[in-house]
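Contents: one structure, followed by commentary.
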Amino acid sequence: MSLERRHDREFVRTFFTSPTAVEGEDDSAKMIRRAVQLRGMQAPDVWVPDNEDATAPSMRDEGAENIISVISEHGAEFPGEIHPRIVWHRDSPATRYQCFEHLLEIADPEKDAIEHIDGFVIPEVGDIDDWKKADEFITIVETEHGLAEGSLAMSVIVESAEAELALADLREEMGKPSNNLERLFLLVDGEVDYTKDMRAITPTGGLPPWEELRHNTSRGASAAGLIAIDGPYDDIRDIEGYHERMTDNQAKGMLGIWSLTPGQVKEANKSPLPPKTGSWLLDVNGREVELDADDGRYVYDGDDVTLETTGDDRYRLLIGGDERELDGDELTEELLDLASYIPSLNDIVDSMEEFEAAKEAGKGAIAMKRSATLLVDSVEVEISNDRMWDEATYQAAQTPITLFQDVYENRPDQHEELEELYGKDVVDRAMVVG
Amino acid sequence: MSLERRHDREFVRTFFTSPTAVEGEDDSAKMIRRAVQLRGMQAPDVWVPDNEDATAPSMRDEGAENIISVISEHGAEFPGEIHPRIVWHRDSPATRYQCFEHLLEIADPEKDAIEHIDGFVIPEVGDIDDWKKADEFITIVETEHGLAEGSLAMSVIVESAEAELALADLREEMGKPSNNLERLFLLVDGEVDYTKDMRAITPTGGLPPWEELRHNTSRGASAAGLIAIDGPYDDIRDIEGYHERMTDNQAKGMLGIWSLTPGQVKEANKSPLPPKTGSWLLDVNGREVELDADDGRYVYDGDDVTLETTGDDRYRLLIGGDERELDGDELTEELLDLASYIPSLNDIVDSMEEFEAAKEAGKGAIAMKRSATLLVDSVEVEISNDRMWDEATYQAAQTPITLFQDVYENRPDQHEELEELYGKDVVDRAMVVG
Amino acid sequence: MSLERRHDREFVRTFFTSPTAVEGEDDSAKMIRRAVQLRGMQAPDVWVPDNEDATAPSMRDEGAENIISVISEHGAEFPGEIHPRIVWHRDSPATRYQCFEHLLEIADPEKDAIEHIDGFVIPEVGDIDDWKKADEFITIVETEHGLAEGSLAMSVIVESAEAELALADLREEMGKPSNNLERLFLLVDGEVDYTKDMRAITPTGGLPPWEELRHNTSRGASAAGLIAIDGPYDDIRDIEGYHERMTDNQAKGMLGIWSLTPGQVKEANKSPLPPKTGSWLLDVNGREVELDADDGRYVYDGDDVTLETTGDDRYRLLIGGDERELDGDELTEELLDLASYIPSLNDIVDSMEEFEAAKEAGKGAIAMKRSATLLVDSVEVEISNDRMWDEATYQAAQTPITLFQDVYENRPDQHEELEELYGKDVVDRAMVVG
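Chains as they are written, first to last, in full-length UniProt numbering: chain A, 1 to 434; chain B, 1 to 434; chain C, 1 to 434.
Next comes the structure, spelled out in structure tokens:
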């Protein structure tokens, strides 16, 4: 039997925090009231009314009341899951007790909020034994309020070395009879506090990349059936940087990210979904340059590659100071090595359907062909790329499709935007493949 | 007492899989029959008749029979070790039972194959407790068939987050009286399935680099006296890419790699051996460029470095848009910083002999000198590089020599090619040094 | 209660080893006699008279005597801590017994050295159980010689895969009643021996980067309240390379490094301290280029960025072969994205004071503004960078200040140099902020 957490959503793209009380505002619940009304691509998979860092320490009791008031009123219509973040600290029993009190209050069924709340987010956890303390408080609260044991999800912010180490213990600890850690849901990296806890320094004060932390979080999530989420990207205007971070995360198996604004939510909701149209890349001195599609051809118009015809079936190719004389076959081979293709949703569905048909016909592996005409300095080159697909390739290719299906099933409020983006036909085929 | 696995080979460069049954072929054992007859540099250190992914699910009983038939006939002459891969899955008891049945069948001494088989490869393992289940089946099979307990090696494919975590437990678990995990031999990364298990996505569908997985596998192997092997490189035509991957692996202590063709086996067998001739590299804007040896001088003839004489002992050096005026000493210093040397087998043997002589004469550390004439834009510069060698340097330098010796001792079928490559004299000296 | 080691120093920048006996020298204690008399920036935070690798095996008894003689004479005046390194090996009981004998000898109060010694450095440790053996010897020595249990610090060199794995066990093991592992102090990476133990190979024989080892050491230190130190950088002349290594380490939370010479000590002592003056960087094709400060403006004078005015509020910007036409606002935005600022000690103190004042006035978050005039190809551009500071930003920014304060308190011999470098006013403010 393989390990399974208790909660439903298989993928979470977005973890959107909003302050629950803001000093000096007339209506201190304004920001969570705005957040709970988000819909479609601007609404996150997981919404986190944040009664920890985003709310000043002196405002947290008011924050807890705002959570109750706003969720009891609007929670039923919110399209994603709702997981308030409450206070916690591995080094402070007083903060942990405050957590318990807020839990008891927010989860009180008479206050009509808990029926719309899927779980809670616990920040600043330490060793696995510290995680168990939070789990135990939630268990007590469930019992006190007549909720089923384990029904409330628990997500944690990994922002200390101890918590990173605990990621390796999850699988072993989650099955034990004296805890309810099967309630675990998201493992969220918190790089600002982690940087402090690790005492790291960078010259500009920017955050270190923390490659290993992200790997370990993703691995811990995979081993224990949980979901890994990267921390906030705080240069909100830097959309390109946010995209690069998400692409890097996705290659680590971390498909979700923290969002600080509805604009970031929108980018993050789309990021792990395949693009509408495929594109060809050319590796130019180690950088991947996207070729412009022009009337069925893919055009490189930069200065760093030069290609000319020097005679019958003879070419001169210059890349990065490296000049070569090639015949047509050699040129094709060379460009094939440098080119790569980013498949669209439609391409992936096509390939999966083709492989499924082959499998039914009794074949274990087939070659998938992808052709294109590249245009470099007015020289046209036909390339054709064969990739062998077997069961393992098929299953690895399936991840973005499974994610797409999970999104489509769980987020009816995004149907319209998805169909607008991809076309209804592709969406329908994507929902039945795999 | 330090931990030791039970099996002989200290280094494994190549892990070559071949299908054991191919649908629609007249003689479905053709590919393993061809593989078992490979010799010399085309023959792997470890040959893996593959009855898992490379063989269609419906053909696996036939695959097991082919393994028995081909190995009983040709196994005695095969120059490397033979480790068939059989089916297994951490999440499927039915697949594990199939593993047990194939084991029982292939290991039956009356079928005359097991005497040529060194062990088995178990894919898709999970936690360490899952590894123990496979170990237990092998123990039962050994007892049933009158083989010594622990005599069959067990190698695993690490292709899940759980298995990666298990790498940290090996050292502690291997000594325990209720298992025979000392039979462990190779830890092999399987990046395609690992990517699926981690739910990672890349835009092109290519594999992520999985730096941490490879480090953790290498570390696990080092801690438990085992051997780490990287997974398959499936762009078979891309020899340069295969070499880069191997160089990267070697810097992680992972000296072996999976091969899919005899051509890849040949490249992989040579890769961790030192080169025949030494070469000088120049760091040009962060890229290492190999200098052309020309009549005792090393020539840079690219466009990215410009050097000219501007007066008596005055030079102008231009690298990467950075122009400097230098005198002769400064120029030498600058080029010395940019240059590095890749020693040949002969160079390494020389240095080790020199250090051994110094040690016998009572010295703990000596300077190793390496000089060269560089030629950049027709300006000649003499550089001379001193490196301090102590016992630790000596021992770290010894790794490629120990590997060479291990290869030479275990693979008589490669003697001729090695002596052709390096010359008999260097080979003889390499065999006695250290 | 959070875990605390027993020893005082919160930060260690430098770990300086010197041979304790040199073959053939008239006065074999000459080098440690010179080392113990270092003062100010040339004196390390931790000085390690090295009776292991830096001293020939045949000289180690003499080495131990030299340690006693030099420290009893000069130890009282040495400005840093003193931690001799003695022999140890996880695989050799004979070496471990030699360790015990040297410990007994050096720690004998009648020899007048131990009162100036803060602890010992144990190389070549293995599993955590091996660390406990060394801990136990120190405990026995403490008892034998009437020293308080746990009063001698123990630092280890992490130079094997087993020891790297042990880093994850520290937090759990340190609290146990049957050991005194709370005496642990420094976790020092030893990359030369680690490379040998991992059997890693690089073409030139240079050391691999070992990113994961350094992360795991830093994480282990953070989780257990210890201090992480990187291994030696043996190209002593390569100051730039040493600095790059330290910057890389600091981003991992590893703020200290091994030094082999007083020159390296000086560089390493300064490295984690903020600079005297701030500077602006421009990201040019992925490289960070420092801009020249000139009369209040920051000037880019390289060839890789071209900027010109093409009309009223119209500009042409060319970076890395990428040409864009921009208006003034777009140009500002673009340069703002490419520019980053390295704050000086004074800048950091300013920002912290500003945030502290805001906090007292009841605000949880404020925008920190940083403006500059950039000059690119004679076009002037004003940029202004807002960064949001909250409690977490504040605390992460505090690390270099806390380090500065720790240095200032513990190293009176460096006061003069620090005040010369930064000015007395900034030093005074830095000592009270936070």
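By construction, the Cβ of each residue, glycine as well, lies at the ideal position given by its N, Cα and C atoms.
Query: Span of the alpha helix (DSSP H), counted from its first residue to its last, around proline 262/C; Result: 262-270
Query: Expected contact under 8 angstroms - CB spacing of valine 433/C and glutamate 353/C to nearest Å; Result: 6 angstroms
Query: Test: arginine 85/A CB closer than 7 angstroms to a CB of chain C; Result: no
Query: Runs of alpha helix (DSSP H) wholly within the UniProt domain "HpcH/HpaI aldolase/citrate lyase" (116-252) of chain B (minimum 4 residues, chain order); Result: 128-144, 161-166, 170-174, 191-197, 211-224 and 239-250
Query: Segment limits, alpha helix (DSSP H) that includes glycine 75/C; Result: Element bounds for glycine 75/C: n/a, residue is neither H nor E.
Query: In DSSP terms, what valine 375/A is bridged to; Result: With the sequence shown as reference, residue 375/A is identified as leucine, and valine is not the correct amino acid for it. According to DSSP, which records beta bridges pairwise, leucine 375/A is partnered with Val299/A and Glu380/A.
Query: Through-space distance from threonine 55/C to glycine 146/C, alpha-carbon basis; Result: 30 angstroms
Query: Best match in Glu420/C, Val381/C, Val379/C and Ile86/C for proximity to methionine 41/C [C-alpha to C-alpha]; Result: Glu420/C
Query: Chain A residues whose Cβ lies nearer than 7 angstroms to that of alanine 161/B; Result: Arg219, Ser222 and Ala223
Query: Residue-level contact to chain B via CB, threonine 399/A, 7 angstroms cutoff; Result: yes
Query: Distance between glutamate 267/C and leucine 418/C (C-alpha atoms, nearest Å); Result: 13 angstroms
Query: Neighbour list for methionine 198/A in chain C, Cβ cutoff strictly below 8 angstroms; Result: Ser218, Arg219, Ser222, Lys252 and Gly253
Query: Closest residue to asparagine 410/A among Ala21/A, Val379/A and Asp45/A (Cα-Cα distance); Result: Asp45/A
Query: Validate contact between the stretch 184-192 of chain A and the stretch 221-228 of chain A using beta carbons, cut 8 angstroms, 3 pairs; Result: yes
Query: Segment contact, 8 angstroms Cβ cut-off, at least three pairs: the stretch 246-265 of chain A with the stretch 283-296 of chain A; Result: no
Query: Beta-carbon spacing of threonine 17/B, isoleucine 67/B below 7 angstroms; Result: no
Query: 7 angstroms Cβ cut-off: residues of chain B touching alanine 56/C; Result: Gly364
Query: Span of the alpha helix (DSSP H) around glycine 278/B; Result: No alpha helix (DSSP H) contains glycine 278/B, which DSSP labels as neither H nor E.
Query: Unbroken stretches of the beta strand (DSSP E), 3 residues or longer, contained in the stretch 11-76 of chain B; Result: 14-19 and 46-50
Query: Length of the line joining the Cα atoms of glycine 126/A and threonine 217/A; Result: 14 angstroms
Query: Cβ-based neighbour list, glycine 190/B, same chain, cut-off 6 angstroms, excluding 5 preceding and 5 following; Result: Ile157, Glu159 and Gly231
Query: Ordered list of alpha helix (DSSP H) runs contained in the stretch 390-418 of chain A, each at least 4 residues; Result: 391-397 and 399-410
Query: Given 8 angstroms, three or more beta-carbon pairs between the stretch 378-393 of chain B and the stretch 305-322 of chain B; Result: yes
Query: Spatial neighbours of threonine 332/A in its chain, beta-carbon cut-off 8 angstroms, leaving aside the 5 residues before and after; Result: Val381, Glu382 and Ile383
Query: Beta-carbon proximity of alanine 392/A to arginine 219/C, cut-off 7 angstroms; Result: no
Query: Beta-carbon gap between proline 272/B and leucine 181/B smaller than 7 angstroms; Result: no
Query: Any C-beta of chain A under 7 angstroms from that of proline 44/B; Result: no
Query: The stretch 62-76 of chain A contacting the stretch 26-33 of chain A, beta-carbon criterion three pairs below 8 angstroms; Result: yes
Query: Test item: CB-CB of glycine 328/A and aspartate 313/A under 7 angstroms; Result: yes
Query: Short CB-CB distance (under 7 angstroms) between arginine 170/A and chain C; Result: Sequence check: residue 170/A is leucine here, not arginine. It does not; no Cβ of chain C falls within 7 angstroms.
Query: Chain B contact residues for residue 485/C, given Cβ-Cβ distances below 9 angstroms; Result: The structure shown does not extend to residue 485/C, since chain C spans only 1 to 434, so no value can be given for it.
Query: CB contact below 7 angstroms: isoleucine 342/B versus chain C; Result: yes
Query: Glutamine 414/B, buried or exposed, once every other Cβ within 10 Å from all chains shown has been counted against 16; Result: buried
Query: Sub-7 angstroms separation of leucine 374/A and tyrosine 298/A beta-carbons; Result: yes
Query: Min CB distance valine 121/B to chain A below 7 angstroms; Result: no
Query: Any chain C beta carbon closer than 7 angstroms to isoleucine 201/A; Result: yes
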